[in-house]
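See structure below.
2 protein chains.
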Amino acid sequence: MVNNQNEQLDAVFHALADPTRRAMIARLAQAPCGITELAAPFDMTLAAISKHIKVLEGAGLVVRNIQGRNHTCQLDTRPMVGGIEWLRHYEQFWNQRLDALTAALLAEDATTTDQTNSN
Amino acid sequence: MVNNQNEQLDAVFHALADPTRRAMIARLAQAPCGITELAAPFDMTLAAISKHIKVLEGAGLVVRNIQGRNHTCQLDTRPMVGGIEWLRHYEQFWNQRLDALTAALLAEDATTTDQTNSN
DNA sequence: ATTATATTTAACCAAATGGTTGACAATAAT
DNA sequence: ATTATTGTCAACCATTTGGTTAAATATAAT
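Protein chains in written order, with the working numbering: chain A, 51 to 169; chain B, 51 to 169.
Next up, the structure:
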């Protein structure tokens, strides 16, 4: 399916970069369900839905269970962990930098407002 | 740039779904830097780099500061927060479900291994 | 004034994306 | 046995993507 760590991230982020697919994930987070039911909210052909599901499967976010003519889709959130961790790393950075930025702005503010008492 | 919350997520996830752009973000997390320096590690035209930066800018992840002929790029991680929160919601789900799954597997294991003492 | 450097833009290209329609396959219901 | 339901597949289409080359722009250095 997906080879290295980087391609895994590619696949997951790409799968998530579409509102239809995100909505499908939201739906599947409630409970597993079949294709037709999963397709219901969307103004789109089943063929298109089928492709979206395949993208989600490709990223490992959905697993399919075939029972006769009914395919049941189930969410697997484990591939998300890589994405979360990648993002979390920068969230951390963000907090740091934001602190630094705040400090810088406060300092700057001090110099501009305190220009009267230049000591 | 980006209209609603959904399009913001589209843009951010799409921007992150490319290894070149993720590497750029990693580079910019060290310190802001110019285009040529940012382009250095990649076997790719400056024109291609320019496009990648534009995608990052479009998602709000990079802000550009033009000083004469030098453009300085700076990381802005704030747009990532939406993505993190979206994912975190399912990470939570993941933990729950994983617990349930673990329990189910343990129970199943118990029934298969403990078939001798059927009490 | 000329030349070098930094960067974008426009035009192009192949491949991928997101959708459609229509035909097919498999199973379930009558 | 026929018909209805569930879902995929193949072929097609327009648009987007990720890259190229070549030209243009703007600034800096000589």
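Where is the CB? At the ideal position from N, CA and C, for every residue including glycine.
Contact with chain B by residue i, beta-carbon distance below 8 Å
i	result
GLU141 of chain A	yes
MET130 of chain A	yes
PRO82 of chain A	no
THR127 of chain A	yes
LEU137 of chain A	yes
GLN165 of chain A	Here GLN165 of chain A scores only 42 on pLDDT, less than 50, and its place in the model should not be relied on; the value that follows carries that caveat. Output row for GLN165 of chain A: interface = no.
ILE134 of chain A	yes
ASN115 of chain A	no
PHE92 of chain A	no
LEU59 of chain A	yes
Status (buried if at least 16 other CB within 10 Å, exposed otherwise) for residue i
i	result
GLY118 of chain A	exposed
ALA67 of chain A	buried
MET74 of chain A	buried
ALA61 of chain B	buried
ALA90 of chain A	exposed
ALA76 of chain A	exposed
ALA81 of chain B	exposed
THR95 of chain A	exposed
VAL113 of chain A	exposed
Any C-beta of chain A under 8 Å from that of residue i
i	result
LEU96 of chain B	no
ALA67 of chain B	yes
LEU106 of chain B	no
GLY110 of chain B	no
ARG119 of chain B	no
HIS102 of chain B	no
ILE85 of chain B	no
ARG77 of chain B	no
Indicate whether the contact test is met: 3 or more Cβ pairs, each with one atom in the stretch 118-129 of chain A and one in the stretch 81-101 of chain A, closer than 8 Å.
-> yes
Uninterrupted beta strand (DSSP E) stretches inside the stretch 76-138 of chain A (no shorter than 3 residues) | 112-117 and 120-125
Do the stretch 135-145 of chain B and the stretch 131-141 of chain A make contact, defined as three or more Cβ pairs closer than 8 Å?
-> yes
Tell me, please, whether the stretch 97-107 of chain A touches the stretch 88-99 of chain B by the rule of three or more beta-carbon pairs shorter than 8 Å.
-> no
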